Structures are given as C-alpha cells and as structure tokens.
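If you read the sequence shown in this note's numbering, its first letter stands for residue 384, the second for the next number, and so on.
For each residue, glycine too, the CB sits at the ideal point set by N, CA and C.
Only a predicted model underlies this, so the values are computations on that prediction, with no experimental measurement involved.
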Amino acid sequence: MTRLTRAESQAQTRERIFESARQAFARIGFAGASIDLICEAAGFSKGAFYSNFASKEQLFLDLLAQHMAREVDELTQVIAAHEDAGGVQGAIDEWLLALNSDADWSLLAIELQLHARRHPVFAAAYDELHRSHRAALGKLVGRL
Numbered sequence: 384m385t386r387l388t389r390a391e392s393q394a395q396t397r398e399r400i401f402e403s404a405r406q407a408f409a410r411i412g413f414a415g416a417s418i419d420l421i422c423e424a425a426g427f428s429k430g431a432f433y434s435n436f437a438s439k440e441q442l443f444l445d446l447l448a449q450h451m452a453r454e455v456d457e458l459t460q461v462i463a464a465h466e467d468a469g470g471v472q473g474a475i476d477e478w479l480l481a482l483n484s485d486a487d488w489s490l491l492a493i494e495l496q497l498h499a500r501r502h503p504v505f506a507a508a509y510d511e512l513h514r515s516h517r518a519a520l521g522k523l524v525g526r527l
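Following this line, the structure appears as structure tokens:
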C-alpha cells in the first residue's frame with residue numbers, strides 16, 4: 384500500500400472535517416455544532432481541526448468557498464457539453480433543479496446568511512465570497 388504524502392493526508396483530513404461539518408451544520412445549525420462534535424464525527428482531534436482551520440467560522444467560509452467552486456466547475460462542464468443555445472438552456476435548467484434539490488445545502492445557505500447578518504466581520508468575508516462567485520458565474524454566462 385502506498386503511503387500518502389503530507390498534502391494528500393491533509394486533503395483527506397480536510398474533506399472528512401468538511402463532510403462532518405456540513406452534516407452537523409445542516410442538522411443542528413452553526414451555533415449548535417461545536418468543534419468537538421465536528422471532530423468526533425470526523426474521527427479527528429481538535430489539533431487536526433486547528434491545523435487545517437483557524438476557527439469554526441473559517442471552516443464555514445471554506446465550506447462555502449468549496450461549494451461555490453464546485454458550482455462554477457459544474458456549470459462550466461454543463462455549458463461545454465452543449466453547442467446549441469437550446470441544449471445549453473435545457474442543461475442549465477436541469478443543473479439548477481439538481482442544485483436546488485440539495486436540502487442540506489439549502490439549510491447551510493440559510494445558516495450562512497443568518498450568521499453573516501449577526502456577525503459583521505464574518506459578513507465581510509461572506510460578502511466577498513459572494514461577489515467573487517457572482518463574477519465567475521457572470522463570466523460563464525457572458526460567453527454564451
């Protein structure tokens with residue numbers, strides 16, 4: 384069996400923490416999901432958490448950034464797979480339906496919005512992620 388590099392091991396750790404946090408935030412909310420609970424569910428210590436994230440808020444923002452990057456990648460693939468406008472429109476409609484059917488992500492999006500409304504420092508980073516995301520999506524749509 385091949386031993387993982389440090390970067391590969393850290394990427395796996397981050398992914399497991401992301402998945403644990405995603406489930407916890409959707410199930411019991413941002414405030415209810417402690418770092419201890421997230422780490423326990425992921426099978427890691429708090430040390431592993433803090434070697435990857437500065438805080439629970441940073442994890443929350445990184446989770447959002449990861450989701451937004453995935454959206455841009457998926458939409459890029461959807462657009463690239465179709466040559467005619469009708470095909471692209473239908474494929475985008477299907478993609479949006481699938482995106483909107485993710486109940487856990489819908490709950491996370493609400494949690495993010497609530498936290499941003501209540502915490503101005505978090506809101507600044509949250510708003511910047513949204514600006515970047517809108518710009519990336521705008522570039523994709525602008526190419527149509």
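If I follow the unbroken alpha helix (DSSP H) through residue i, where does it start and stop?
i	result
ASP487	486-501
SER434	429-435
GLU423	418-425
GLU391	389-415
LEU527	Counting along the chain, LEU527 falls outside any alpha helix (DSSP H), and DSSP gives it neither H nor E.
GLU457	439-463
Which residue's Cα is closest to the Cα of residue i: the options?
i	options	result
ARG389	SER428, SER434, GLY415 and HIS502	SER434
LEU491	ASP476, ALA452, ALA507 and LEU446	LEU446
SER428	THR385, LEU523 and ARG397	ARG397
HIS513	GLN496, VAL524, GLU466 and GLY525	GLN496
ALA448	ARG386, ALA518 and TYR509	TYR509
ALA519	ARG453, HIS465, ALA464 and PHE413	ARG453
GLU440	LEU523, PRO503, LYS522 and HIS465	PRO503
Rounded C-beta distance between residue i and residue j? I'm assuming under 8 angstroms.
i	j	result
SER403	ILE421	5 angstroms
ILE418	PHE432	6 angstroms
ILE400	LEU444	Contact flag wrong, Cβ pair sits at about 14 angstroms.
ALA474	VAL461	5 angstroms
PHE505	HIS498	6 angstroms
PHE413	GLU494	5 angstroms
Once DSSP output is grouped into helix, strand and coil, what is the label at residue i?
i	result
ASP467	coil
SER386	This sequence places Arg at residue 386; Ser is not what is there. If DSSP states are grouped into helix, strand and coil, ARG386 belongs with coil.
When burial is assigned at 16 or more other CB atoms within 10 Å of the CB, is residue i buried or exposed?
i	result
LEU532	Because the chain spans 384 through 527 in this model, residue 532 falls outside it and cannot be assessed.
ARG501	exposed
GLU405	Checking the sequence, you will find Arg at residue 405 rather than Glu. Looking at its Cβ environment, which holds 16 or more other Cβ atoms inside 10 Å, ARG405 is buried.
ALA507	exposed
LEU458	buried
ALA394	exposed
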